[in-house]
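Read through the structure below, which is laid out as structure tokens, and then see the notes.
Protein chains: 2
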Amino acid sequence: MNILEKITNELDMLSKSERKVAEVILASPNTVIHSSIAALAKQANISEPTVNRFCRRLDTKGYPDFKLHLAQSLANGTPYVNRHVDENDTADEYTSKIFESTMASLELARKSLDANDINRSVDVLTQANKISFFGLGASAIVAHDAQNKFFRFNVPVVYFDDILMQRMSAINSRQGDVVVVISHTGRTKSLVEVASLAKENDATVIGITTTGTPLAKECSIVLSVDVSEDTDLYMPMSSRIAQLALIDVLATGFTLRRGSKFRDNLKKVKDSLRSSRFERKD
Amino acid sequence: MNILEKITNELDMLSKSERKVAEVILASPNTVIHSSIAALAKQANISEPTVNRFCRRLDTKGYPDFKLHLAQSLANGTPYVNRHVDENDTADEYTSKIFESTMASLELARKSLDANDINRSVDVLTQANKISFFGLGASAIVAHDAQNKFFRFNVPVVYFDDILMQRMSAINSRQGDVVVVISHTGRTKSLVEVASLAKENDATVIGITTTGTPLAKECSIVLSVDVSEDTDLYMPMSSRIAQLALIDVLATGFTLRRGSKFRDNLKKVKDSLRSSRFERKD
DNA sequence: AGAAAAAATGAAATTTTATTTCATAATGTA
DNA sequence: TACATTATGAAATAAAATTTCATTTTTTCT
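In order, the protein sequences belong to chains S and A. Following full-length UniProt numbering, the numbering of the first sequence begins with 1 at its first residue and continues without gaps. Following full-length UniProt numbering, the numbering of the second sequence begins with 1 at its first residue and continues without gaps.
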């Protein structure tokens, strides 16, 4: 997609003159988007048709189309890159880096999600007799958050962040129950076991985990939340944030599916909190 | 900067014919960037010079320049914008909208944060005898997450999501203790009281809340996490996600401040979890 | 090495696209 | 209603991009 990267990659597929064009563009892309084909040709010391051929080789329709692609690459080139925190970073620097890589993770996670699986999950959740959310460690808070959210919907919902309770609950599950198992690594033994126990007892098991993990194999539906590997010591687990966003998605899907009568109920819950708060004056 | 917003804003500065152009562009900007001035003129049922004048009125050099701006807006326009979920959205649509507005919130929150306050917070946290995180509802899970994170640092840390425990803990706090109070609205009565109690008992109180709330007034240090108001029924509380990112920032600041010897310790904790997991084969 | 084929390149012609000019129409103002 | 102002489009012009085609360079094969 990013045309600047594409130019870099295909640099050796290009002819000598075309490479001159590439170099001029890579050197100052911001100037190029405001240049005519003639200006660029002159800058690179080659002829106009060569520039045109260069553009076509990059699968664009011609020079104007190429400029459009270039402009777009420049617009979204930097923002959501996963920049690593450095030991000498100032507060401002590491703050920016963490927020940005969190956003990058969200973007990745969004891409790894399949709308079909979300739809199916919302289906089974709306039909469920009882919903349980299980997680450990960082994923425990996601399970907890999910409980908070689904509690408002006035459906039987529990969450456990304790291995024994999870196991007991899984063993007692039955047809019509939905068990949502949350784990970034998808390799935590006890959670994988819990998932398979729940499945054996006829519950529908939804896994919120990374693609292709042992946990994923045990689930009825897998909601893949892939984020970049945290190879970096300083980098926080953005996986839990992506998982939370997914919980929001499921909750939203749930609300939409249940229709308008149901939404009034939601408003009531919101209003009931009012008296515990200081009034705002605006 | 964003030309689409600019068109929307200046819609009433435009003449009748120019507005027709604007409408066509707003309706399908993605088509327009691939249209010639003639095609666009025809589409809007006006003449080519009108299109040209329209472009100039938006402070661009002409039609090609306008298309460049438009292309850039489209490239980074969507992700940041808070698009609202609609009743008839497909799973794919509401998923995208939620992820995108979550990212938008993160961006807003990042802007509202002050590096100085973060620095001071990291200061007091590294010096603390004991750290407590308090939150209720959605913010409870943030407090919980903070405990998980800071627990690894081998410092005395607790979290409470229970009003009474929070209150008792606040009353028992003393000089050198740090109390972190988390609340998006900053108007939850019991939390504001807890903050002031802790302060009376000489604890340093860090507030993670919106600028200018009652809670903010009670705190020694305020970490402002402003996100857009959730006027929309379907829109989830992205505030908690922004708060989590801030916890990551504080934890990172903490690690950096403590220096390298300390980081070895962190690695040990990570390694200790290994035996509870299935090995990966890659 | 040298001839033939293939590929690359640019000058000029052509086509497409955008802009300017100017006359006319629409709108507002006294 | 008459005048001024502004808005608009047809046609002319200018600018930019593309195509054609002849020339040069490079590669391949003997």
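Just so you know, even glycine gets a beta-carbon here, dropped at the ideal spot from N, CA and C.
Any idea what DSSP makes of residue i, helix, strand or coil?
i              : result
D177(S)        : strand
L223(A)        : strand
G135(S)        : strand
V194(S)        : helix
D33(A)         : Per the sequence shown, the amino acid found at residue 33(A) is Ile instead of Asp. Three-state result, I33(A): coil.
F99(A)         : helix
G186(A)        : coil
F151(A)        : helix
I141(S)        : helix
G253(A)        : helix
I46(S)         : coil
V205(A)        : strand
K130(A)        : strand
V21(A)         : helix
Y80(S)         : Residue confidence is low: Y80(S) scores 45 on pLDDT, short of 50, so the model does not pin down where it sits. Its coordinate-derived value is still stated next. Coil at Y80(S), not helix or strand.
V157(S)        : strand
D162(S)        : coil
E87(S)         : coil
residue 285(A) : There is no way to answer for residue 285(A), as the model of chain A reaches only from 1 to 282.
L244(S)        : helix
T213(A)        : coil
D114(A)        : coil
Can you grab the Cα-Cα spacing for the pair residue i / residue j, in whole Å?
i              : j       : result
E87(A)         : T252(S) : 10 Å
F254(A)        : T209(A) : 20 Å
P156(S)        : D117(S) : 23 Å
Y63(A)         : S112(S) : 38 Å
F151(A)        : F134(S) : 21 Å
D59(S)         : S47(A)  : 32 Å
M13(A)         : S28(S)  : 36 Å
L74(A)         : N2(S)   : 14 Å
D65(S)         : V249(S) : 36 Å
K20(S)         : I33(S)  : 17 Å
R240(A)        : A71(S)  : 35 Å
S190(S)        : L191(A) : 36 Å
residue 285(A) : S35(S)  : The question about residue 285(A) has no answer here: the residues shown for chain A are numbered 1 through 282.
N45(S)         : A39(S)  : 10 Å
A104(S)        : I7(S)   : 23 Å
E107(A)        : V179(S) : 33 Å
D162(S)        : G137(S) : 10 Å
residue 283(A) : R257(S) : Not covered by the structure: residue 283(A). The range shown for chain A is 1 to 282.
Q43(A)         : A115(S) : 34 Å
A91(A)         : L68(S)  : 31 Å
S238(A)        : K149(S) : 13 Å
G207(A)        : I247(A) : 12 Å
V158(A)        : V85(A)  : 37 Å
With 16 other CB atoms within 10 Å as the buried threshold, where does residue i fall?
i       : result
Q166(A) : buried
N9(A)   : exposed
R56(S)  : exposed
D89(S)  : buried
E18(S)  : buried
D177(A) : buried
N129(A) : exposed
V81(S)  : With a pLDDT of 48 at V81(S), under the threshold of 50, the modelled position of this residue cannot be trusted, and the question is left open.
N154(S) : exposed
L164(A) : exposed
L223(S) : buried
S15(S)  : exposed
L26(A)  : exposed
T188(S) : buried
T78(A)  : Note that T78(A) scores 43 on pLDDT, short of 50, meaning its location in the model is unreliable; the coordinates nonetheless yield the value given after this. Answer is exposed; the Cβ neighbour count stays below 16.
If the cut-off is 8 Å on Cβ atoms, which residues from the region 101–117 of chain A count as contacting chain S, listed in chain order? Close to chain S, meaning a Cβ-Cβ distance shorter than 8 Å, are the following residues of the region 101–117 of chain A: T102, M103, L106, E107, A109, R110, L113, A115, N116.
Report yes or no: do three or more beta-carbon pairs, one from the region 211–229 of chain A and one from the region 162–170 of chain A, lie closer than 8 Å? Contact fails: fewer than three Cβ-Cβ distances are below 8 Å.
Contact between the region 96–103 of chain S and the region 114–130 of chain S: three or more CB pairs below 8 Å? The region 96–103 of chain S, when compared against the region 114–130 of chain S, does not touch it at the 8 Å Cβ threshold.
Can we say the region 187–205 of chain S touches the region 140–151 of chain S, given the rule of at least three CB pairs closer than 8 Å? By the criterion of at least three beta-carbon pairs nearer than 8 Å, the region 187–205 of chain S is not in contact with the region 140–151 of chain S.
Can you list, in chain order, the residues of the region 192–204 of chain A whose Cβ is nearer than 9 Å to any Cβ on chain S? Hits within the stretch, in order: V192.
Residues in the region 83–94 of chain A with C-beta within 8 Å of chain S's C-beta atoms, listed in sequence order? Under the 8 Å Cβ criterion, the region 83–94 of chain A contributes V85, E87, D89, T90, A91, D92, Y94.
Quick one, which residues of the region 236–257 of chain A are near chain S if we go by CB-CB under 9 Å, in chain order? Sequence-ordered contacts of the region 236–257 of chain A with chain S read P236, M237, S238, R240, I241, A242, L244, A245, L246, I247, D248, V249, A251, T252, G253, T255, L256 [C-beta pairs closer than 9 Å].
Please list the residues of the region 138–152 of chain A that have a C-beta atom closer than 9 Å to any C-beta atom in chain S, keeping them in chain order. The region 138–152 of chain A vs chain S, Cβ under 9 Å: A138, A140, I141, V142, H144, D145, N148, K149.
Quick one, which residues of the region 52–68 of chain A are near chain S if we go by CB-CB under 8 Å, in chain order? Residues P64, D65, K67, L68.
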